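Report on one structure; see the data block that follows.
In my numbering, the protein residues as written are -16 to 98.
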């Protein structure tokens, strides 16, 4: 979910950067570091996934549960910790962010409730 957030909101829509409390240049650097860490995490996850498949130790239901859990945990964690507690960035700058925050966090909770 971090990759979707970073690609859609940071790059395509340009709504915010990972770190918005400095210059645009620092914001772009923070986005680049975030994208790099996302790629490293995705590659590591794919290697783990491939290893489990190779050893026939992967249950499809568990794989989907882990995938949805990762998506669902990211959103409220990002929304509460990054947006509100650390104030690294807001979903939308210059407008009331409350509806955006609620939609983002509730979306994560919905993903956690999928069975």
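Just so you know, even glycine gets a beta-carbon here, dropped at the ideal spot from N, CA and C.
In this text, all values refer to a predicted model and were calculated from it rather than measured experimentally.
Check	Outcome
C-beta atoms of residue -16 and residue 30 nearer than 8 Å	no
Alpha carbon of residue 61 to alpha carbon of residue 1, nearest angstrom	10 Å
Contacts around residue 94, its chain only, beta-carbon distance under 6 Å, and the 5 residues preceding and following it disregarded	51, 54, 55
Where residue 74 sits in the DSSP three-state scheme	coil
Proximity of residue 74 and residue 65 at Cβ, strictly below 8 Å	no
Environment of residue -3 [buried if 16+ CB atoms lie within 10 Å]	exposed
Burial state of residue 13, where buried means 16 or more other Cβ atoms lie within 10 Å	buried
DSSP-derived helix/strand/coil call for residue 13	helix
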